[in-house]
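Student:
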Amino acid sequence: MAVILSTRVRKRNRSNENFRKKWSTLMNNDLIIHHVYDAEVYVCIRRKGVKYEFKSTDKALPLSDEEKNETFPLPVLVTAVDVAHHKEQPKFSEKDGSYGGT
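For the sequence shown, numbering that gives the first Met the number 0 begins at 0 and goes up steadily by one.
1. When DSSP labels each residue in this structure, what does Lys54 get in the three-state scheme?
2. Please report the straight-line C-alpha distance between Glu69 and Val75, rounded to a whole angstrom.
3. Give the straight-line distance between the Cα atoms of Thr24 and Arg9, rounded to the nearest whole angstrom.
4. Give me the Cβ distance between Ser55 and Val40, rounded to the nearest whole Å; I'm assuming they're in contact under 8 Å.
5. What first and last residue would you give for the beta strand (DSSP E) that runs through Arg11?
6. Measure the C-alpha to C-alpha separation of Ala83 and Lys21 and round it to an integer number of angstroms.
7. Please state if the CB of Val42 and the CB of Phe53 are separated by a distance shorter than 7 Å.
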């Protein structure tokens, strides 16, 4: 009877492939936002020293800090912490007027 040694096979790193998929999805969603809501969209991602940019128009986005301060209303800055905090908050139920219930 042959003895089979249990060897662990290391999974291949799919982070580059997964990033390309997410980037493609993000660009498509940004394009939809641009067309449906007539919004100018600019997204910039820096990953592993490479800069990825999406611009919905040929205008010179992103705006400089000076241009941001001159616009009204002021831009809304959202960070990853803000998004994480928003997801953790219980949702309001209009049925019974309470938070957190289903």
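Think of the CB as a built atom: it goes at the ideal place given N, C-alpha and C, for glycine as much as any other residue.
Tutor: On the basis of the supplied data:
1. Taking the sequence shown and counting its residues from 1, one reaches residue 54 at position 55. Residue state, collapsed to three classes: strand.
2. For the purposes of this step, residue 69 is taken as the residue at position 70 of the sequence shown. For the purposes of this step, residue 75 is taken as the residue at position 76 of the sequence shown. Straight-line Cα distance between these residues: approximately 14 Å.
3. In the sequence shown, the residue the question calls residue 24 occupies position 25. In the sequence shown, the residue the question calls residue 9 occupies position 10. C-alpha separation (whole angstroms): 28 Å.
4. Residue numbering aside, residue 55 sits at position 56 when the sequence shown is read from its first letter. Residue numbering aside, residue 40 sits at position 41 when the sequence shown is read from its first letter. That pair is a contact at about 4 Å.
5. As a first step, residue 11 is located in the sequence shown; it is residue number 12 there, counting from the start. No beta strand (DSSP E) contains Arg11, which DSSP labels as neither H nor E.
6. Start at 1 with the first residue of the sequence shown, and residue 83 comes out as number 84. Start at 1 with the first residue of the sequence shown, and residue 21 comes out as number 22. In a straight line, the C-alpha of Ala83 is about 18 Å away from that of Lys21.
7. Position 54 of the sequence shown, counting from 1, holds the residue named residue 53. Position 43 of the sequence shown, counting from 1, holds the residue named residue 42. Yes. Within cutoff.
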